[in-house]
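Protein chains: 2
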Amino acid sequence: MPRTLIVHAHPRPAQSVATRGLLLALSELPDVAVRPLYDRYPDFDIDVAAEQQALREADLIIWLSPVYWYSVPGLLKHWFDTVLTHGWAYGHAHAAQGTGPATQALAGKTAWWVASAGGLPATYGPAGEHGRPFADYTYAIEQTARFCGMHWAPPFVLHGGHRLDAAARAEAGHELRRQAQALLASLERRT
Amino acid sequence: MPRTLIVHAHPRPAQSVATRGLLLALSELPDVAVRPLYDRYPDFDIDVAAEQQALREADLIIWLSPVYWYSVPGLLKHWFDTVLTHGWAYGHAHAAQGTGPATQALAGKTAWWVASAGGLPATYGPAGEHGRPFADYTYAIEQTARFCGMHWAPPFVLHGGHRLDAAARAEAGHELRRQAQALLASLERRT
């Protein structure tokens, strides 16, 4: 049975409506662990070894966050910078020398960005205030995963979640769980 | 005379070869101020008012950083998240209510990403280990500037700077300063 790790990055989880709904939907998956980054690391002092150990144990890694400035929040970016290290996530064991066995601790795992964006889809595009299709802003995150040898599942993006009523949010949660279950089933078939 | 603000984001400035060379080249510009983010905010506790005041006083805002995971380092991303606030950099003065006068404190200024990337240009592209042209990874940063009403100058990217010898690094510094001077001259003509 594939194991899921949710790396949850919302600065004010209690004030989050959209992201919290997505987290609740994902929490019902079997064998899921959640790491709330802003709770654990309010001073951004990330326990790299603990994060790497949690990643090792997971098959599906979900980055769950609001979209801030067309990307992940600062702490999740800092998590990329500090946890996905040279000599562990990529490169060679003796990173500085570029020698030793090749290491790619996350190879074969699947990464998935589950995101909550304030702007509706129509605002993403040449005519909208966000200028480009949302997909254009996902390249850096996708390539971060791919460079570490991970599979990349197309992001799940909830647009305008804070404007939805409870029924529409519940529907989004169902759709997210459905996609997560399909993803987990495909991982199970792969192994 | 236009004023330049360099927002410098390198986690270990003393160990930086490439970025330090770019900083030195830019430091020779007239009327330039430097804010070394990792020195000021080792605990990521950004003084938002101070940062906003520095931005107000500048015409050209340079984000100087290494490229980490196809984007800016975590602290600079956190700076975007916390300094470019709703009700100041965009939106309305009473942000929560969406009322009051429209505010865009940075409108008309010019933003420029001066970046040092480890990978050579050939590694950016479908056949390279970084998958896409480097330009594809700049969209989020560009749109961050544009959403705040800023002009966007095409990024200056030094590729493989740590592998360059001193003469080649000096040449890169000259080219950077030349581009900076041309940019400043265009700002002067505009005002």
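If you read the protein sequences in the order shown, they are chains Z and B.
According to the working numbering, numbering within the first sequence proceeds without interruption in unit steps and concludes at 192.
According to the working numbering, numbering within the second sequence proceeds without interruption in unit steps and concludes at 192.
Even glycine gets a Cβ: it sits at the ideal position worked out from N, Cα and C.
Where do the N-terminal and C-terminal ends of the beta strand (DSSP E) with residue i fall, by residue?
i	result
Z:A154	H152 to H160
B:T124	It is not in any beta strand (DSSP E) - B:T124 carries neither H nor E in the DSSP assignment.
B:A118	T111 to A118
Could you work out which residue in the options is closest to residue i when comparing CA atoms only?
i	options	result
B:T124	B:P134, B:K78, B:A10 and B:A116	B:P134
Z:H87	Z:E29, Z:A103, Z:R13 and Z:G129	Z:A103
Z:R164	Z:A94, Z:G119, Z:H95 and Z:A154	Z:G119
Z:Y39	Z:V8, Z:I62, Z:D32 and Z:D166	Z:V8
Z:A112	Z:W89, Z:V84, Z:G150 and Z:A94	Z:G150
B:E172	B:L23, B:A141 and B:G92	B:L23
B:G109	B:F45, B:W153, B:D166 and B:D48	B:W153
B:H11	B:A116, B:Q98 and B:A59	B:A116
Z:W114	Z:P31, Z:L184 and Z:Y42	Z:L184
Z:A106	Z:Q98, Z:W89, Z:A97 and Z:A96	Z:W89
Z:V33	Z:T5, Z:H95, Z:W64 and Z:V84	Z:T5
Just list the residues that DSSP pairs residue i with in beta bridges.
i	result
Z:P37	Z:H9
B:H95	B:T100
Z:Y69	Z:S72
B:W64	B:V8 and B:W114
Z:H87	Z:Y91
Looking at the unbroken alpha helix (DSSP H) that takes in residue i, where does it start and where does it end?
i	result
B:A51	V49 to R57
B:T20	A19 to S28
B:F148	Y140 to F148
Z:F131	For clarity, residue 131 of chain Z is His in the given sequence; the question names Phe instead. From DSSP, Z:H131 is part of no alpha helix (DSSP H); its letter is neither H nor E.
Z:Q180	A167 to R191
Would residue i be called buried (16 or more neighbouring beta carbons within 10 Å of its own) or exposed?
i	result
Z:L121	exposed
B:P74	buried
B:R191	exposed
B:R13	exposed
B:M2	exposed
B:E196	Absent from the model: residue 196 of chain B. The displayed extent of chain B is 2 to 192, so no value can be given.
Z:T100	exposed
Z:P67	buried
Between residue i and the ligand SAM, is the CB less than 8 Å from at least one heavy atom?
i	result
B:L85	By its list of ligands, the structure shown contains no ligand whatsoever, and the ligand SAM lies outside what it can speak to.
Mind checking if residue i is an interface residue toward chain A, Cβ cutoff 9 Å exclusive?
i	result
Z:A186	The structure shown has no chain A; the protein chains it does contain are Z and B.
Is there contact between the stretch 155-172 of chain Z and the stretch 11-23 of chain Z, where contact requires at least three CB pairs shorter than 8 Å?
Counting Cβ pairs under 8 Å, three or more are found: they touch.
Please confirm if the stretch 51-62 of chain B is in contact with the stretch 72-85 of chain B, defined as three or more CB-CB distances below 8 Å between the two stretches. yes
*Check whether the stretch 131-150 of chain B touches the stretch 167-184 of chain Z, taking contact to mean three or more Cβ pairs, one atom from each stretch, closer than 8 Å.*
no
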